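Residue numbers (this note's numbering), protein chains in the order written: chain A, 13 to 212; chain B, 67 to 285. Just so it is clear, CB atoms sit at the ideal spot from N, CA and C, and this is done for glycine as well. All values derive from a computational prediction rather than experimental measurement. First comes the structure, then the notes that go with it.
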């Protein structure tokens with residue numbers, strides 16, 4: 013962990029600088045090594061897009077749940093056991109034949125952690141943040157998605173502490189599938205609005 | 067602030083490069099930066115808004131070329147030095163020269179799941195009624211502070227429609243600078259694409275921002 017406390021000159025600059033800071037902070041008692049591991053374990057196992065996929069699949073199969081999700085997404089998502097940091101104020105937006113939703117944070121990297129986990133690199137990078145609000149159809153093309161010109165696009169720029177979850181349309185040919193099987197069709201990108209749910 | 071973070075609508079950054087689900091880190095130091103950033107937030111020196119401002123205050127050339135975790139790292143170093151927990155000299159030599167001040171606040175590992183699951187809601191009791199209602203036409207003000215704001219440049223001095231009210235929330239423009247939470251009503255305001263981007267804008271595009279009441283005036 014931080015046994016090599018002083019000479020990081022053999023490492024690349026970022027590795028060396030981060031190790032140095034971690035060493036300083038742990039030696040000062042300001043962070044504890046086991047706490048860092050617990051944080052990483054949490055972000056790697058407790059949050060992530062499989063949570064969001066369960067929410068979407070349930071909304072597809074349970075109209076009462078879909079109505080609750082539309083009315084108060086924070087509470088409806090909490091029913092599934094998903095709460096917390098960067099998901100304190102959730103809003104679910106539902107794609108339809110006539111309207112497609114896409115979520116961005118042009119100013120930083122705001123993203124609904126409890127349901128989608130940590131944001132992918134592209135979500136935090138200038139190409140996406142610059143273009144999503146001006147040319148979302150062009151962005152969708154980068155993801156291999158072509159929407160009809162008649163489909164309106166609504167882009168949600170996450171400028172406050174509200175966090176948006178896109179509920180993609182249920183794909184055709186999925187009648188009778190269980191929520192568990194349906195969840196496997198729900199991709200992370202489809203819940204940002206940069207993709208569609210997968211056809212079985 | 068009119069910094070490099072205000073990216074909405076900028077040209078020239080090229081195509082988006084998708085990546086597979088689960089591919090979250092691209093170097094071993096990146097998860098360390100994530101964990102250190104969250105753990106240091108527990109020390110209670112700065113708010114989320116102050117940390118965002120520290121990131122956007124990086125030199126534009128650095129901001130636009132650094133990976134996002136590098137941006138977090140540079141901001142974390144700036145915050146820790148600003149609040150006196152780490153010195154520049156310590157960062158240079160890579161070891162502790164003075165004791166930590168708030169070690170008593172460090173999270174235990176056992177506390178992490180509860181803290182992460184609880185989060186930090188930003189809604190607050192309103193001190194005045196909301197000035198606008200759903201359906202109201204509003205104009206965003208021409209606010210260009212050198213300090214932190216969450217009104218993006220592309221949505222300044224634009225007319226849009228209020229589509230939702232969210233009650234009062236902590237106001238980042240003050241909270242980022244130690245000037246208190248100053249809760250203000252928060253609205254979702256939607257703009258037609260062509261009102262933002264001109265005649266070449268997508269006619270089927272609606273873009274919304276979440277805007278605090280001080281950003282808005284009656285159109």
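Between the CA atoms of residue j and residue i - distance to the nearest angstrom
i                      : j                      : result
residue 161 of chain A : residue 269 of chain B : 9 Å
residue 17 of chain A  : residue 133 of chain A : Reliability of the predicted coordinates at residue 17 of chain A is poor, the pLDDT of 48 falling under 50, and the value obtained from them is presented with this limitation in mind. Computed Cα separation, rounded: 30 Å.
residue 174 of chain A : residue 22 of chain A  : 43 Å
residue 37 of chain A  : residue 181 of chain B : 20 Å
residue 67 of chain B  : residue 119 of chain B : 9 Å
residue 97 of chain B  : residue 63 of chain A  : 21 Å
residue 61 of chain A  : residue 119 of chain A : 22 Å
residue 283 of chain B : residue 204 of chain B : 6 Å
residue 125 of chain A : residue 193 of chain B : 30 Å
residue 114 of chain A : residue 70 of chain A  : 21 Å
residue 161 of chain B : residue 24 of chain A  : 18 Å
residue 131 of chain A : residue 159 of chain B : 33 Å
residue 20 of chain B  : residue 266 of chain B : No answer is possible for residue 20 of chain B: the residues shown for chain B start at 67 and end at 285.
residue 91 of chain B  : residue 136 of chain B : 12 Å
residue 73 of chain B  : residue 97 of chain A  : 25 Å
residue 156 of chain B : residue 32 of chain A  : 9 Å
Residue i at chain B interface by Cβ criterion, 8 Å
i                      : result
residue 187 of chain A : no
residue 202 of chain A : no
residue 193 of chain A : no
residue 145 of chain A : yes
residue 179 of chain A : no
residue 26 of chain A  : yes
residue 154 of chain A : yes
residue 73 of chain A  : no
residue 80 of chain A  : no
residue 70 of chain A  : no
residue 49 of chain A  : yes
residue 108 of chain A : no
residue 91 of chain A  : no
residue 242 of chain A : Because chain A here runs from 13 to 212, residue 242 of chain A falls outside it and cannot be looked at.
residue 124 of chain A : no
For residue i: DSSP bridge partner residues
i                      : result
residue 254 of chain B : B/230 and B/276
residue 176 of chain A : A/103
residue 206 of chain B : B/282
residue 225 of chain B : B/205
residue 236 of chain B : Note: residue 236 of chain B sits in no beta bridge, so no partner.
residue 190 of chain B : B/234
residue 198 of chain A : Its beta-bridge partners do not exist; DSSP assigns none.
residue 100 of chain B : DSSP lists no partner for residue 100 of chain B.
residue 168 of chain A : A/115 and B/274
Beta-carbon neighbours of residue i, restricted to chain A and to distances below 7 Å
i                      : result
residue 80 of chain B  : 139
residue 200 of chain B : Here the premise fails: no neighbours, minimum Cβ distance about 14 Å.
residue 183 of chain B : 95 and 96
residue 151 of chain B : 42
residue 111 of chain B : In chain order: nothing, as chain A lies at least about 10 Å away.
residue 97 of chain B  : 52
Min CB distance residue i to chain A below 8 Å
i                      : result
residue 102 of chain B : yes
residue 148 of chain B : no
residue 134 of chain B : yes
residue 92 of chain B  : yes
residue 276 of chain B : yes
residue 190 of chain B : no
residue 261 of chain B : no
residue 119 of chain B : no
residue 76 of chain B  : yes
residue 285 of chain B : no
residue 265 of chain B : no
Cross-chain neighbours of residue i in chain B, by beta carbon under 8 Å
i                      : result
residue 134 of chain A : 82, 83, 84 and 85
Chain B residues whose Cβ lies nearer than 9 Å to that of residue i
i                     : result
residue 35 of chain A : 160, 161 and 162
Contact list for residue i against chain D, beta-carbon separation under 9 Å
i                      : result
residue 235 of chain B : This model lacks chain D altogether; the protein chains it does include are A and B.
Proximal residues of chain B, C-beta to C-beta of residue i below 7 Å
i                     : result
residue 54 of chain A : 178, 179 and 182
Runs of alpha helix (DSSP H) wholly within the segment 126-177 of chain B (minimum 4 residues, chain order): Taken in chain order, the unbroken stretches of alpha helix (DSSP H) that lie wholly in the segment 126-177 of chain B and span 4 residues or more are 126-131, 134-148 and 154-159.
Alpha helix (DSSP H) runs contained entirely in the segment 52-112 of chain A, provided each spans 4 or more residues: Qualifying alpha helix (DSSP H) stretches, in chain order: 61-73, 75-83 and 85-91.
Contained alpha helix (DSSP H) runs [length at least 4] in the segment 107-165 of chain A, N- to C-terminal order: The segment 107-165 of chain A contains these whole alpha helix (DSSP H) runs: 125-128, 133-136, 138-143 and 148-154.
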